[in-house]
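J.:
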Amino acid sequence: MDADELDWNRTLREQWEFHWNHQLRARLDGLTDDEYFWSPVPDAWSVRPHGSSTAPMQFGAGDFTIDYAFPGPVPAAFTTIAWRLGHVIVGVLAARNAAHFGAPPASYETWEYAGSAATALDQLEAQLDVWLAGVRDLGEAGLRVPVGAKEPFPEAPMADLVLHIHRELIHHLSEVCLLRDLYLHTKPTTNGSTR
1 MDADELDWNR TLREQWEFHW NHQLRARLDG LTDDEYFWSP VPDAWSVRPH GSSTAPMQFG
61 AGDFTIDYAF PGPVPAAFTT IAWRLGHVIV GVLAARNAAH FGAPPASYET WEYAGSAATA
121 LDQLEAQLDV WLAGVRDLGE AGLRVPVGAK EPFPEAPMAD LVLHIHRELI HHLSEVCLLR
181 DLYLHTKPTT NGSTR
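Written as structure tokens, this is what we have:
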């Protein structure tokens, strides 16, 4: 097949959809609140009840806030599953859905962060649905349009942003899976042994 005949929009969407449907989604099933908030190291950044954080900054509009600092610490803070999902839901997806696909405004400061794993996964799936519908609606021509001033590289085409977001999703959600593996292999099971 000639590259000019390739359906680039479908190809870009399938980059993420295949990973989500065949490798990632099942790995998130059964995520517990204990895993969601678990920290294998002291002072990890997380999502916490409003007013309970000791991080330099806390963002969020609801009962829970996300730990933050600007500039970020060196080395970077270790982050929990809750923090990583909050980052993906808000910083990677919701802010872009608002900027490019007509979704409601979203920012770290105004988001109502999830106080449970189930709520976070619902937020993630809702934002993924908006993202994929928005990318689909771009068609072929929309992938060539510059992303504009709402992104750090305004002259870059939307195709570059789509690839960037998909890399971010694969990267951060793979970290979530690794933390789940670490949790399962270090926490005692009900029979007293570790897995």
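Residue numbers (the UniProt record's numbering): 1 to 195. Glycine included, C-beta positions come from ideal geometry on N, C-alpha and C. Keep in mind that this is a model prediction, so the values were computed, not measured.
#1: Measure the beta-carbon distance from N9 to R96 and round it to whole angstroms, keeping in mind my assumption that it falls under 8 Å.
#2: If you reduce the DSSP assignment to three classes, tell me which class R27 lands in.
#3: Report yes or no: do the stretch 33 to 46 and the stretch 82 to 91 share at least 3 C-beta pairs separated by less than 8 Å?
#4: Measuring alpha carbon to alpha carbon, tell me which residue in P105, P157 and L31 is nearest L173.
#5: Do W111 and V130 have their CB atoms nearer than 9 Å?
#6: Which two residues bound the contiguous beta strand (DSSP E) that contains I66?
#7: Out of curiosity, what's the CA-to-CA distance linking L182 and E175?
#8: Considering only residues of the same chain and omitting the five flanking positions on each side of L169, which have a CB-CB separation below 7 Å?
#9: Quick check on W111: does DSSP put it in helix, strand or coil?
#10: How would you call R167, buried or exposed, if buried means at least 16 neighbouring beta carbons within 10 angstroms?
#11: Hey, how far is the Cα of W20 from the Cα of H185?
#12: Determine the closest residue to G148 out of A159, G139 and E140, with distance taken between C-alpha atoms.
#13: Alpha carbon to alpha carbon, what distance is there between R144 and Y113?
#14: Quick one: Cα of C177 to Cα of K187, how far?
#15: For F59, which residues from the same chain have a beta carbon less than 7 Å from its beta carbon, with the 5 sequence-adjacent residues on both sides left out?
T.: Concretely, from the data shown:
#1: In fact, because the Cβ distance is near 17 Å, the residues do not count as touching under 8 Å.
#2: helix
#3: Taking 8 Å as the limit for Cβ pairs, the verdict is that the stretch 82 to 91 does touch the stretch 33 to 46.
#4: L31
#5: no
#6: F64 to Y68
#7: 10 Å
#8: Only W16, V88 and V92 meet the Cβ criterion.
#9: coil
#10: exposed
#11: One C-alpha to the other measures close to 24 Å.
#12: A159
#13: 34 Å
#14: Near 15 Å, if we compare the C-alpha coordinates of K187 and C177.
#15: T65, I66, Y68, Y108 and E109
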